[in-house]
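Quick note on the numbering used here: the sequence shown kicks off at 249 and runs consecutively. For every residue, glycine included, the Cβ atom is placed at its ideal position computed from N, Cα and C. Remember, predicted model here, so these are calculated numbers, not experimental data. Structure, as structure tokens:
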Amino acid sequence: MCGIVGYSGYRDCSDVLVGALSRLEYRGYDSAGIAVFENGKIEVAKCKGRLKDLVAKMEIDGKPQGNVGIGHTRWATHGEPSDINSHPHSGEKVTIVHNGIIENYKVLKEFLIEHGEKFLSDTDTEVVAKLLGYYYKKNPMEPIVTIERTIKDLEGSFALGIVFEDFPDVVFATRRESPLIVGVGENESFIASDVPAIINYTKNYYLLDHDEIVKLENGDVTIYDDHGDIEEKELMTADWDMDAAEKGGYPHFMIKEIHEQPTSINTTIKPRIVDGMPNLEECSITLDKIKSFKQIYIVACGTAMHAGLVGKYVIEKLAKVPVTVDMASEFRYRNPLVGKGDLVIIISQSGETADSLAAMRLAKKLGAKTLAIVNVKGSSIAREADMLIYTHAGPEIAVASTKAYIVQLSVMYLFAFELALAKGAITQEQCKALTAELQNTPGIISDVLEKTLEITQYVGTKLVATESLLYIGRGLDYALSMEGSLKLKEISYIHSESYAAGELKHGTISLITDGMPVIAVATQSDLLEKTVSNIKEVKARGAKVILVAREDFEIDEEAYDYLIKVPKMQDILMPIPTIVPLQLIAYYTAVHRGNDVDKPRNLAKSVTVE
Ligand code: F6R
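Structure, rendered in structure tokens:
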């Protein structure tokens, strides 16, 4: 998704903007641009391509010189990636950058054309720029009034960075639905779509609410509420630093984040375990509060939804409460039979995914209680949920989610243990034993990392020329296979499907050809025999089987070509160590194929549009 930044201070603004945008690159983009006040005039530099293309362009055309400005990385929605469609866009005396989608841009564009405006680009953003110019003409020297009036006409989502020609030291910004933070340093201030953009300048920031407007001037920050009155807001402090937003010696963020998983789990579960028992009171979750839920829905997208699938198995098995898992994009349009007395759990790393947010709002409207499991502090989903469990994975920069997934799992377990206890489905002793085993997972993951790095690299070399492959598993292994398969396809661009192993015979097995790779997951003792017989079925038809299995399982060597062993834990907890080699296989395959692992094509880290 687009990234926006803005700066008002004493440094070389072009450098600050490009640096800040480079730390938002993970969001995905296809063009970039900046606008900087140079001797009181707004100078724009923008082009299609990566930030390095913008820098190269500025080396030839001259870099705007000044201390105040705005910047943007664009992920095309309206209009192809091109120089002209790149942001910033301008209207009469005003220049803007925008993240989001203006749903009523066509009506507004017609209105503006009738009033004599001419458009250069195909973007919805230029409509906002021209509309701001239109209202500024009616309210000269009144930027706040102009912004307020303009956003009244906008439908959809936006985070806007705005500069007016008449106010050369000032950056304005506003938001609705799209994320925006306001960084506060010493004699300098910032706007950005996300904290990593500004973390090397300041850890202190404000979160803007919908339709609030902020003014950055000579390092001062003034925030106006949606009535135009100045308001005081709580200053937040990021609890992580620059190192967390840098690669720290690893070649990619993804592999760094895979290695951070033991720490992420530890930081997430430690404060929620008291005297060996799960304790979610700080998240306003008590045994009393959750014991009455009869039906649970877990709603999320992509990897977060896959964490929900593991949650379903675990909750149903331990707490005996029925769980339905939905993709948020389906849930919101299928008239779900959700209502009072139900719990809807929304899982989201970013806390800003448009479909997940809309699904949560729908669930609330239908009378259900909502619980959000979110990584990004202060994000929209976190702010609007009835109950909230933050995962403490730290910033996840790679587009392919790894550490956020594993901490989502760890939280699902804690919640399932607590719910099972509340329902009287497990005893205190059983709960303690499960919790103790969960506490062992960080150590076990470190072990898996050490032991599977080499074999997964090797398997990656074997998959490098593959065009298509299958993942198979049963029960929890099936849920895990779905995540393994998604990881591989998103970064390696290899077509991959995940199938419940027992379902193969009903159609999919016809895809197996001589030499086709099949990644089989077998970690569940009660399903082992059945899974192995499915593996033998594909092997007999020529598949090359990469088997990821619990180390103590005795499996006929004829059944596989490569074996990746995972340490033994209780069946129910096996997804945590087992996802690690699946992540590594995806990572090394993509690396061997020479792909841009951290920024796979067409993907955005946080999907804030439908
Ligand atoms: C895949 C991936 C995506 C996200 C999905 C939801 O690696 O990262 O599938 O899981 O877009 O995003 P969040 O969790 O931010 O709601």
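Classification of ASP487 by the beta-carbon crowding that lies within 10 angstroms, buried from 16 upward: Burial call: exposed.
Near the ligand F6R: GLN250 beta-carbon under 7 Å from a heavy atom: The identity of residue 250 in the sequence shown is Cys, whereas the question assumes Gln. Outside the cutoff, so no.
For PRO765, the residue or residues it bridges with in DSSP: As computed with DSSP, PRO765 is found in a beta bridge with LYS792.
For ALA421 and VAL342, the rounded distance between their alpha carbons: Distance between the alpha carbons of VAL342 and ALA421 is about 12 Å.
Residue closest to ILE593, alpha-carbon to alpha-carbon, out of MET635, LEU566 and GLU578: Nearest option by C-alpha distance: MET635.
Bridge-paired residues (DSSP) for ILE521: In the DSSP output, where bridge partners are listed per residue, ILE521 has PRO526.
Exposure label - THR519; buried when at least 16 CB within 10 Å: According to the sequence shown, residue 519 is Pro rather than Thr. Under the 10 Å beta carbon count, PRO519 is surrounded by fewer than 16 other beta carbons and is classified as exposed.
Beta-carbon spacing of VAL284, CYS261 below 8 Å: Contact annotation: VAL284 and CYS261 have beta-carbon atoms nearer than 8 Å.
Cβ contact (3+ pairs, closer than 8 Å) linking the region 824-832 and the region 313-323: Segments in contact, no.
Closer than 7 Å: GLY550 CB and nearest the ligand F6R heavy atom: Result yes, Cβ under 7 Å from the ligand F6R.
Beta-carbon proximity check, LEU591 vs LYS617, cutoff 8 Å: Contact flag set, yes.
Minimum C-alpha distance to LYS463 - residue among ALA713, SER437 and SER441: It is SER437.
Spatial distance of ASP706 from LEU811 (CA atoms): The residue asked about is misnamed: residue 706 is Tyr in this sequence, not Asp. Going by the C-alpha atoms only, they are around 11 Å apart.
GLN597 beta carbon near the ligand F6R (any heavy atom closer than 7 Å): Yes, Cβ of GLN597 sits closer than 7 Å to a heavy atom of the ligand F6R.
Check: THR601 C-beta below 7 Å from any heavy atom of the ligand F6R: If you check the C-beta of THR601 against the ligand F6R, you find a heavy atom less than 7 Å away.
Limits of the alpha helix (DSSP H) - the one that MET608 falls within: Following the DSSP letters along the chain, one finds MET608 inside the alpha helix (DSSP H) bounded by residues 602-613.
Straight-line Cα distance separating LEU356 from GLN509: One C-alpha to the other measures close to 47 Å.
CB-CB length for GLY550 against LEU734, believed under 8 Å: Indeed, because the Cβ distance is near 7 Å, the residues count as touching under 8 Å.
Cβ pair count under 8 Å reaching 3, the region 500-515 against the region 642-654: The answer is yes - the region 642-654 touches the region 500-515, with three or more Cβ pairs under 8 Å.
Where GLN543 sits in the DSSP three-state scheme: In this structure, GLN543 counts as strand in the three-state DSSP scheme.
Residue ranges of each alpha helix (DSSP H) within the region 710-742, 4 or longer: The region 710-742 contains these whole alpha helix (DSSP H) runs: 724-740.
Residues of its chain near VAL292, where Cβ-Cβ distance is below 7 Å and the 5 sequence neighbours each way are ignored: Setting aside the 5 residues that flank it on each side, VAL292 is surrounded in the same chain by GLY281, ALA283, PRO336 and THR343, each with a C-beta closer than 7 Å to its C-beta; the list follows chain order.
Contact set for VAL573: own chain, Cβ-Cβ below 6 Å, skip 5 residues either direction: Non-local beta-carbon contacts of VAL573 in its own chain, meaning distances under 6 Å to residues more than five positions away in sequence, involve ILE546, GLY556, LEU557 and LYS560 in chain order.
Neighbour-count burial assignment, THR689, 16 or more Cβ in a 10 Å radius: THR689 is classed as buried because its beta carbon has at least 16 other beta carbons within 10 Å across all chains shown.
Limits of the alpha helix (DSSP H) - the one that SER262 falls within: SER262: member of the alpha helix (DSSP H) spanning 261-270, first to last residue.
Helix, strand or coil at SER279 [DSSP, three-state]: The answer is strand: DSSP assigns SER279 an E or B state.
For VAL430, the first and last residue of its enclosing alpha helix (DSSP H): Where VAL430 is concerned, there is no enclosing alpha helix (DSSP H), although the beta strand (DSSP E) it sits in stretches over 429-432.
Test item: CB-CB of ASN452 and LEU483 under 8 Å: The answer is yes: Cβ separation under 8 Å.
Through-space distance from LEU528 to ILE674, alpha-carbon basis: Rounded to whole angstroms, ILE674 to LEU528 spans 17 Å at the Cα level.
Rounded C-alpha distance that separates THR700 from GLY732: The straight-line gap from Cα to Cα measures roughly 15 Å.
Distance cut-off 7 Å: LEU736 Cβ against heavy atoms of the ligand F6R: Outside the cutoff, so no.
Classification of THR709 by the beta-carbon crowding that lies within 10 angstroms, buried from 16 upward: By the 10 Å Cβ count, THR709 comes out exposed.
7 Å Cβ shell around TYR836 - same chain, five flanking residues per side excluded: Excluding positions up to five away in sequence, the list reads THR704, GLN705 and GLY708.
Nearest-angstrom Cα separation, counted from LYS386 out to ILE517: When the Cα atoms are used, ILE517 and LYS386 turn out to be separated by approximately 56 Å.
Distance between ALA838 and ASP844 (C-alpha atoms, nearest Å): ASP844 and ALA838: Cα-Cα distance of roughly 8 Å.
Cross-strand partners of GLU443 (DSSP beta bridge): Looking at the sequence provided, one finds Val at residue 443 rather than Glu. BP columns for VAL443 are empty, so no partner.
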